[in-house]
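Encoded as structure tokens, the structure appears first; notes follow it.
2 protein chains.
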Amino acid sequence: MMQKKLLLKVAFVDGLGVLDGQKPPCECNNCYTGKDCSVLLKDCPVDANSGDPLFLEPFWMRQAESSAVLVSGWHMMSYIYQDGTYVSRELEKVIRKLHSVVGNAVTDNRFVIFGSGTTQLLAAAVHALSLTNSSLSSPARLLTSIPYYSMYKDQAEFFNSAHLKFEGDASAWKQSGRNDNITQVIEVVTSPNNPDGKLKRAVLNGPNVKTVHDYAYYWYFTPITHPVDEDLSLFSLSKTTGHAGSRFGWGLVKDKAIYEKMDRYIRLTSMGVSKDTQLHVLELLKVVVGDGGNEIFNFGYGTLKKRWEILNKILSISTRFSIQTINPEYCNYFKKVRKFTPSYAWVKCERPEDTNCYEIFRAAKITGRNGNVFGSEERFVRLSLIRSQDDFDQLIDMLKKLVSEEAVGTDSI
Amino acid sequence: MMQKKLLLKVAFVDGLGVLDGQKPPCECNNCYTGKDCSVLLKDCPVDANSGDPLFLEPFWMRQAESSAVLVSGWHMMSYIYQDGTYVSRELEKVIRKLHSVVGNAVTDNRFVIFGSGTTQLLAAAVHALSLTNSSLSSPARLLTSIPYYSMYKDQAEFFNSAHLKFEGDASAWKQSGRNDNITQVIEVVTSPNNPDGKLKRAVLNGPNVKTVHDYAYYWYFTPITHPVDEDLSLFSLSKTTGHAGSRFGWGLVKDKAIYEKMDRYIRLTSMGVSKDTQLHVLELLKVVVGDGGNEIFNFGYGTLKKRWEILNKILSISTRFSIQTINPEYCNYFKKVRKFTPSYAWVKCERPEDTNCYEIFRAAKITGRNGNVFGSEERFVRLSLIRSQDDFDQLIDMLKKLVSEEAVGTDSI
Numbered sequence: 001m002m003q004k005k006l007l008l009k010v011a012f013v014d015g016l017g018v019l020d021g022q023k024p025p026c027e028c029n030n031c032y033t034g035k036d037c038s039v040l041l042k043d044c045p046v047d048a049n050s051g052d053p054l055f056l057e058p059f060w061m062r063q064a065e066s067s068a069v070l071v072s073g074w075h076m077m078s079y080i081y082q083d084g085t086y087v088s089r090e091l092e093k094v095i096r097k098l099h100s101v102v103g104n105a106v107t108d109n110r111f112v113i114f115g116s117g118t119t120q121l122l123a124a125a126v127h128a129l130s131l132t133n134s135s136l137s138s139p140a141r142l143l144t145s146i147p148y149y150s151m152y153k154d155q156a157e158f159f160n161s162a163h164l165k166f167e168g169d170a171s172a173w174k175q176s177g178r179n180d181n182i183t184q185v186i187e188v189v190t191s192p193n194n195p196d197g198k199l200k201r202a203v204l205n206g207p208n209v210k211t212v213h214d215y216a217y218y219w220y221f222t223p224i225t226h227p228v229d230e231d232l233s234l235f236s237l238s239k240t241t242g243h244a245g246s247r248f249g250w251g252l253v254k255d256k257a258i259y260e261k262m263d264r265y266i267r268l269t270s271m272g273v274s275k276d277t278q279l280h281v282l283e284l285l286k287v288v289v290g291d292g293g294n295e296i297f298n299f300g301y302g303t304l305k306k307r308w309e310i311l312n313k314i315l316s317i318s319t320r321f322s323i324q325t326i327n328p329e330y331c332n333y334f335k336k337v338r339k340f341t342p343s344y345a346w347v348k349c350e351r352p353e354d355t356n357c358y359e360i361f362r363a364a365k366i367t368g369r370n371g372n373v374f375g376s377e378e379r380f381v382r383l384s385l386i387r388s389q390d391d392f393d394q395l396i397d398m399l400k401k402l403v404s405e406e407a408v409g410t411d412s413i
Numbered sequence: 414m415m416q417k418k419l420l421l422k423v424a425f426v427d428g429l430g431v432l433d434g435q436k437p438p439c440e441c442n443n444c445y446t447g448k449d450c451s452v453l454l455k456d457c458p459v460d461a462n463s464g465d466p467l468f469l470e471p472f473w474m475r476q477a478e479s480s481a482v483l484v485s486g487w488h489m490m491s492y493i494y495q496d497g498t499y500v501s502r503e504l505e506k507v508i509r510k511l512h513s514v515v516g517n518a519v520t521d522n523r524f525v526i527f528g529s530g531t532t533q534l535l536a537a538a539v540h541a542l543s544l545t546n547s548s549l550s551s552p553a554r555l556l557t558s559i560p561y562y563s564m565y566k567d568q569a570e571f572f573n574s575a576h577l578k579f580e581g582d583a584s585a586w587k588q589s590g591r592n593d594n595i596t597q598v599i600e601v602v603t604s605p606n607n608p609d610g611k612l613k614r615a616v617l618n619g620p621n622v623k624t625v626h627d628y629a630y631y632w633y634f635t636p637i638t639h640p641v642d643e644d645l646s647l648f649s650l651s652k653t654t655g656h657a658g659s660r661f662g663w664g665l666v667k668d669k670a671i672y673e674k675m676d677r678y679i680r681l682t683s684m685g686v687s688k689d690t691q692l693h694v695l696e697l698l699k700v701v702v703g704d705g706g707n708e709i710f711n712f713g714y715g716t717l718k719k720r721w722e723i724l725n726k727i728l729s730i731s732t733r734f735s736i737q738t739i740n741p742e743y744c745n746y747f748k749k750v751r752k753f754t755p756s757y758a759w760v761k762c763e764r765p766e767d768t769n770c771y772e773i774f775r776a777a778k779i780t781g782r783n784g785n786v787f788g789s790e791e792r793f794v795r796l797s798l799i800r801s802q803d804d805f806d807q808l809i810d811m812l813k814k815l816v817s818e819e820a821v822g823t824d825s826i
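Chains as they are written, first to last, in our numbering: chain B, 1 to 413; chain E, 414 to 826.
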């Protein structure tokens, strides 16, 4: 009852229709309609595209009382905190504590930097690392491993800096003649990887190589194999607590000069991160570290494990579609060997004629993300498994239909 | 009593020491110390540097009940709102209403775009406008009028884009041989101007000229002479409600293609503005428009008018320092002729030997901002008048001392 009350009171405080003095309408999940959002639209394509982490919403509804925060009208109006910076020291402390209780990253001798999402920090990191002496003559090359998160490429191409050029796959570069140990290189390592959930290591090394580690998914999606201890690591609130809308990410940076360049980037692009956001994030992370991460890790892993079991069961009877498999590893957090439960299914269409896997799924009313977005082949499609329960249930319904048609197809040969 | 209670409860919810289970310490204003922050430090230099708009804090303390907002732990976790965008439509509506009740801008046939402060929108606007055909061969030139807000220059030089070059003063460019009507030019017009508070118009025009209008201060700091009706106008929450820490700004954009380029910039640099911030801003602006802007305009104008009267009185007996004067104009908001009450005093050191005005004031324990930061001479210094009452009172004390020394100096000749 308590939850219900909060739901009605707060959920729609900034919903449509509020200003007109109307009672705000229910905001229905995708494909649902009607006064109480219980009517499923026929032939509505299920959204399995973006990594909107709404699977964690029920967790925060359970924590409604401990995680709510009252923001007064005169809260933190200043540009800066008491210490003259844009960064809440309390939030920095709770982030260090979070890494310590989870055991996924070393924070000693690291500067902590905040950004408006990892999105902003990525741009800041790449910008800072590209400002080297030798990049003045020839641009630094941005490399990563196929399949990769497209933001790396999109940002580099959009900013179109004279100091940076996106070059695609790191292994291909390593084997090419252009790998001359002189050209400045920035490698982005995403571990676990988006889209396929695999743990990754840097491909390149040498005095001309700088590395950015994107650890957005190094939480309950994967066994925590060791605390990472890199020069420049990025994390995202979106994939930690599920609050994508808050636009908050942080970085752990070893080198002072790089930290200062990133800090200047953040100051000149947004003058720091919203203090409303920093306050909200502080409250959320206090809840998370309060029990050593126990509840959210069990909820996150538990939910994803169930979803993967359902998905694997359906696809086990398919010969048309295959999916990534990753061997279980020992998890230092759970103190046991555990399975990988990635955010996304990285699906391959196995039939020679199914050259565009995205289109095959689209015809089956499932909107995924085309493999070519990740620098890979169109024979792959990424399906998001971290969306709301409604989206997942509907995805499963559509998948069942698609896979059941296989048998029919085979019969008719 | 109610206010006092809220003060104790909320002000330090993210203050230092909270995580250690200690009672958070009072956060004292600059130059004050002691358990209850009532002890003024001796010889402490007053900060009159940044435009931190804390003069509005008492206004929001008065509005404590109507402007507070409860953010639930599961508020708007998604990247997007119901309509699939990063933008709260309710907030967009209240912003259009705000311009309509104040009468300072036409919003019809305009796209509204949100940013993490005007800082981000400025970068987005300049980026969007610099992406023209002819800028591919030669960079677009960024121009403004001296004295100017340094962010324009700082951003352009920091991003160091092949498509953009900061060129300084628009009038100097107009008179130079380089004004060829072919080179792409972006002029930033700041009105009222930072630092001197004057209303400004574009200097340049022609088919090769694009203009960005920075209207951050076009509120109670100045007579509202007419509703502005430009192609690209930027506004800042910091100078509207005083919430600099929330990092929120908005733009009104006429051209769809430019709006879409700016939108892409915002998406690729931060994936939109924090939903916590958007919710907070919605609540604040609802309070402002609730009475047609009446209370905040009267408070803002009233406070600044008093401060300017005090300042003018002190400086009226000085021959060493002069200050900008602007003739009163008719204000459509107050329906009467009113004085200008700019955010900053733009002070000139008149004595030939006082070549560095910033240093003269620094020696007198007043930290302003050097005129050269604004592209002007060091003979000028900017003093911020919109900081807390404590800062202002202290500034006045120090100024009185400085001006009183003039008389002594004259006597001794």
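Cβ coordinates follow ideal geometry from the N, Cα and C atoms, glycine included. None of the values given here were measured: they were computed from a predicted structure.
Here His576 of chain E is buried: its Cβ has 16 or more other Cβ atoms, across all protein chains shown, within 10 Å. Pairing Phe235 of chain B with Leu304 of chain B gives a Cβ-Cβ distance that is not under 8 Å. Looking from the CA of Leu454 of chain E, the closest CA among E:Lys814, E:Gln807 and E:Ala820 belongs to E:Gln807. In the three-state reduction of the DSSP assignment, Asn370 of chain B falls in the strand class, which pools E and B. Going by beta carbons, Gly781 of chain E and Ala461 of chain E fall inside the 8 Å limit. At a Cβ-Cβ threshold of 8 Å, Ser683 of chain E and Gln120 of chain B count as neighbours.
For chain E, the residues of the region 139–171 of chain B that bring a beta carbon within less than 9 Å of one of its beta carbons are Met151, Asp154, Gln155, Phe158, Phe159, Asn160, Ser161, Ala162 and His163, in chain order. Within chain B, the residues placing a beta-carbon under 7 Å from that of His693 of chain E are Val71 and Asp276, ordered along the chain.
DSSP lists B:Thr190 and B:Leu234 as the bridge partner or partners of Asp214 of chain B. Val381 of chain B has its alpha-carbon roughly 13 Å from the corresponding atom of Leu399 of chain B. Beta-carbon to beta-carbon, Pro608 of chain E and Trp759 of chain E are separated by about 5 Å, close enough to satisfy the 8 Å threshold.
Burial check for Cys744 of chain E: the Cβ neighbour count within 10 Å reaches 16 or more, so the residue is buried. Per DSSP, Cys37 of chain B is not a residue of any alpha helix (DSSP H), being assigned neither H nor E. In this model, Gln691 of chain E and Met489 of chain E are separated by some 10 Å (Cα to Cα).
Within chain E, the residues placing a beta-carbon under 9 Å from that of Leu268 of chain B are Thr532, Ala536, Met564, Asp567, Gln568, Phe571 and Phe572, ordered along the chain.
Sorting B:Asn160, B:Glu359 and B:Ala128 by C-alpha distance to the C-alpha of Asp255 of chain B places B:Ala128 at the top. The residue from E:Pro560, E:Glu478 and E:Ser485 with its alpha-carbon nearest to that of Val602 of chain E is E:Pro560. At a cut-off of 8 Å between beta carbons, Pro53 of chain B contacts chain E. Here the region 503–517 of chain E lies against the region 699–710 of chain E, with 3 or more beta-carbon pairs under 8 Å apart.
For the pair of segments examined, the region 765–776 of chain E was found not to touch the region 521–540 of chain E: the number of CB pairs separated by less than 8 Å stays below three.
Following the DSSP letters along the chain, one finds Val94 of chain B inside the alpha helix (DSSP H) bounded by residues Arg89 to Val102. Shown in chain order are the members of the region 31–56 of chain B whose Cβ falls below 9 Å from a Cβ of chain E: Ser50, Gly51, Asp52, Pro53, Leu54 and Leu56. Between Tyr492 of chain E and chain B, the shortest Cβ-Cβ separation is below 8 Å.
According to DSSP, Cys331 of chain B shares a beta bridge with B:Lys336. Closer than 7 Å at the C-beta level to chain E, one finds these residues of the region 228–252 of chain B: Gly242, His243, Ala244, Gly245, Ser246 and Arg247. In the DSSP assignment, Ser729 of chain E falls within the unbroken alpha helix (DSSP H) covering Asn707 to Ser729. For Glu478 of chain E, no beta strand (DSSP E) encloses it; the enclosing alpha helix (DSSP H) starts and ends at Ala477 to Ser480. Within the region 789–822 of chain E, no residue has its Cβ closer than 8 Å to any Cβ of chain B. Boundaries for Phe221 of chain B: no alpha helix (DSSP H) harbours it, and the DSSP string shows neither H nor E there. In this structure, DSSP gives Trp74 of chain B a state outside helix and strand, which the three-state scheme calls coil.
For Thr144 of chain B, the enclosing beta strand (DSSP E) has its first and last residue at Ala140 to Thr144. Close partners of Val273 of chain B in chain E (Cβ separation under 9 Å): Ser529, Arg660 and Ser687. Glu505 of chain E has its alpha-carbon roughly 15 Å from the corresponding atom of Asp689 of chain E. In this structure, Leu143 of chain B sits near Glu167 of chain B, with a CB-CB distance shorter than 8 Å. At a beta-carbon threshold of 7 Å, the residues of chain E lying near Met76 of chain B are Gly658, ordered along the chain. Here Gln737 of chain E is near Gly610 of chain E, since their CB atoms are less than 8 Å apart.
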